[in-house]
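Numbering (my numbering), first residue to last: 24 to 542.
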C-alpha cells in the first residue's frame, strides 16, 4: 500500500494544483460561508433535466446539486483532516455497533473470545477502509464510479443493485436500533415505527444539503457519543461478569468464532465501498499516509468502543436478572436504559443522544445511495441527487418498520450479506489498481464507454462470487453445503469464498479481456 500512496502521479494525469491556491480557496470558502461552498454548477445535467423546477426550488436552500461528476482539482478546498477521523467515528459509535458486538453471545462466544475477534478484525480491516478513502483525492470520483475502471458500465450496474440493497438494508437495521432507544426513552410511549420515522426524516433532511452539511454534522457528533458510552461503561461495569460467559473450546466454539468474524467484518468492510465519497473534495497532493492513518483511527476506535461494550453488557444479561429482563422485554435500548437508570433525568438525556447518533451512521449510507443510483444509467443523472436521497429514505423507513420485531436476525443477516458482495468488490479494485493499472487511470474517461472495459471480467467475477457465497453462507433462510460441513451447526464462510472466487476469476478473465480488447 505504501508504495502506491507515496506515488505523486498515482491516478493523476496533470500536475497537482498549487498548494497556495488551494489554501487561498479554503480561506475564501470560510469567509463566504456554507452557501458558497455548495456546488451550484450550471453544467449539472440535473439542472436542465426533468426536475428543473424542483432543483431551482431546492437551490434556494443551498441543496448540493453535484452528482457523480468528477470533482476537478480546482474545486477541492477541503484541508481539515480531523473530518476524516470524525466522519467514521461518528458513523460507528452508535447503538447499532453496540448490538453488533453483543452478537458474539448469540454465537456461543464468551466475553474474551468476542473481545479478541472485535479488536483483531477491526484493527486489520480498518486499514482497507483507509486505503479506499484515499481514492477520493486521488481520483476525484466516488467509489462506485471508480469501480467502472474494473467492471465496466454493465458490471457496475450489477454492483449498483447490490450496493443499494446493502445500503438500504443496513440503514434500516440501524434505524431499528435507534428506535429501540427511543422506545426505552419514552417508557414505551414512542412505538418502534414512530422512532424509525423520526430517525429517517432527520437523516434525510441533513443529507438534503449534501457533502459539507454531512461533514459539519459528523465533525461534532462523535464527541457526545463518546461521552454517552463512557457513562454506559461506568454505570454498567459493576454488573459485568466475564465468568458468566466463559471462553469455550472445540469445533462448536471455532464455528461460532468464524460466524462472529463474518459479522464484525461485514460491519467495518461495508464502509470501504463508500470511503472515497467523503474525500473527493480533498486535493490530490494531500499526504496519503496521514489520511489513511486518520481514517483507520476513526474506524478502529469508533468500532471497538461500542462493540466491546456490547459484548460486556451481554455478560450482565447472563449474570444479572434485572439486565436480562430489560434485554428480553425492550432489546438493546432496554439494556442501555437499565444501566443509566441511576442517573434518572440525565440518563434520559443520554438516551436522546444515543438515538440521534443513528442519524450520523445512516447519513453516510443515505448520502452515498444517491451516487449509486446515478451510476446505474445516464437517465438517472437527470434526477437530482437530493431526490434519490429522499426516495432512499422513504424506502429505508418502510423496511425498518417492517423488520422492527426481528432485530437480531435481521442484523446478523445483513452484516453477512454486506460481506458477500463487498469482499469481491474491494479485492477486484485492488487487483485492477496494483496489477493491471499500476495506479494510472484515464480519469477524464470515467464516463466514456469507448474507453472503459467491456465488463466481461467484472461480470464473470460477480457471478462466481455469488456461487462462492451460495456454497458457504450460513443463514436462517439458507445454509450452503460448505457451511454445513463445519460441525456441529455450521459456520458463516460466505465472505471468504465469495472474495476468493471473485478475485481468482477476475485475475484470469481480466488478463484476457485486456489482451483481446485493449481496455
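Even glycine gets a Cβ: it sits at the ideal position worked out from N, Cα and C.
Keep in mind it's a predicted model, so treat the numbers as computed, not measured.
In this structure, does DSSP put residue i in helix, strand or coil?
| i | result |
| --- | --- |
| residue 46 | The predicted model places residue 46 with a pLDDT of 36, which falls under 50 and marks its position as unreliable; any figure quoted below should be read in that light. Helix, per DSSP. |
| residue 220 | helix |
| residue 213 | coil |
| residue 180 | helix |
| residue 54 | With a pLDDT of only 37 at residue 54, under the threshold of 50, the placement of this residue in the model should not be trusted; the figure read from the coordinates follows. Looking at residue 54 - three-state DSSP - the assignment turns out to be helix. |
| residue 116 | coil |
| residue 87 | coil |
| residue 322 | helix |
| residue 101 | coil |
| residue 476 | coil |
| residue 407 | coil |
| residue 460 | helix |
| residue 311 | helix |
| residue 427 | coil |
| residue 467 | helix |
| residue 159 | helix |
| residue 271 | coil |
| residue 64 | Unreliable placement is indicated for residue 64, whose pLDDT of 35 sits below 50; the coordinate value is still reported in the next sentence. Coil, per DSSP. |
| residue 92 | coil |
| residue 509 | coil |
Determine the contact status of residue i and residue j, defining contact as a CB-CB distance below 7 Å.
| i | j | result |
| --- | --- | --- |
| residue 194 | residue 428 | no |
| residue 262 | residue 347 | no |
| residue 242 | residue 106 | yes |
| residue 295 | residue 140 | no |
| residue 172 | residue 464 | yes |
| residue 201 | residue 333 | no |
| residue 439 | residue 536 | no |
| residue 116 | residue 245 | yes |
| residue 381 | residue 145 | no |
| residue 546 | residue 192 | What is shown of the chain runs 24 to 542, which leaves residue 546 out entirely. |
| residue 114 | residue 396 | no |
| residue 149 | residue 291 | yes |
| residue 485 | residue 189 | no |
So what does residue i bridge to, in DSSP terms?
| i | result |
| --- | --- |
| residue 502 | 497 |
Looking only at its chain, what residues have a beta carbon closer than 7 Å to the beta carbon of residue i, apart from the 5 residues adjacent to it on each side?
| i | result |
| --- | --- |
| residue 168 | 91, 398, 469 |
| residue 543 | Given a span of 24 to 542 for the chain in the structure shown, any question on residue 543 remains unanswerable. |
| residue 416 | 223, 226, 227, 389 |
| residue 93 | 163, 164, 466, 469 |
| residue 545 | Absent from the structure is residue 545, since the part of the chain shown begins at 24 and ends at 542. |
| residue 336 | 125, 259, 358 |
| residue 531 | none |
| residue 480 | 529, 532, 533, 536 |
| residue 256 | 332 |
Leaving out five residues on either side along the sequence, give the residues of the same chain with a beta carbon under 8 Å from the beta carbon of residue i.
| i | result |
| --- | --- |
| residue 349 | 357, 358, 360, 361 |
Please list, in chain order, all residues of the same chain as residue i whose beta carbon is under 6 Å from its beta carbon, the five residues on each side excluded.
| i | result |
| --- | --- |
| residue 298 | 152, 155, 156 |
| residue 238 | 106 |
| residue 393 | 408, 411, 412 |
| residue 491 | 520, 521, 524 |
| residue 251 | 373, 376, 377 |
| residue 317 | 104, 107, 108 |
| residue 110 | 241, 301 |
| residue 342 | 264, 267 |
| residue 131 | 279 |
Is any heavy atom in the ligand FAD found nearer than 6 Å to the beta carbon of residue i?
| i | result |
| --- | --- |
| residue 238 | Within the structure as shown, the ligand FAD is missing, as the structure has no ligands at all. |
Report yes or no: do the segment 204 to 219 and the segment 422 to 440 share at least 3 C-beta pairs separated by less than 8 Å?
Under the 8 Å Cβ criterion, the segment 204 to 219 counts as touching the segment 422 to 440, having at least three qualifying pairs.
For the structure I just gave you, are there three or more beta carbon pairs, one from the segment 527 to 542 and one from the segment 501 to 511, closer than 8 Å?
No: the two stretches stay apart, fewer than three of their Cβ pairs being nearer than 8 Å.
May I ask you to verify whether the segment 194 to 212 touches the segment 374 to 392, counting CB pairs closer than 8 Å and requiring at least 3?
Between the segment 194 to 212 and the segment 374 to 392 there are three or more C-beta pairs closer than 8 Å, enough to call the two in contact.
Is the segment 316 to 336 in contact with the segment 177 to 185, if contact means three or more CB pairs nearer than 8 Å?
No, they do not touch.
Three or more C-beta pairs closer than 8 Å, one from the segment 270 to 285 and one from the segment 510 to 522: is that the case here?
Touching, yes.
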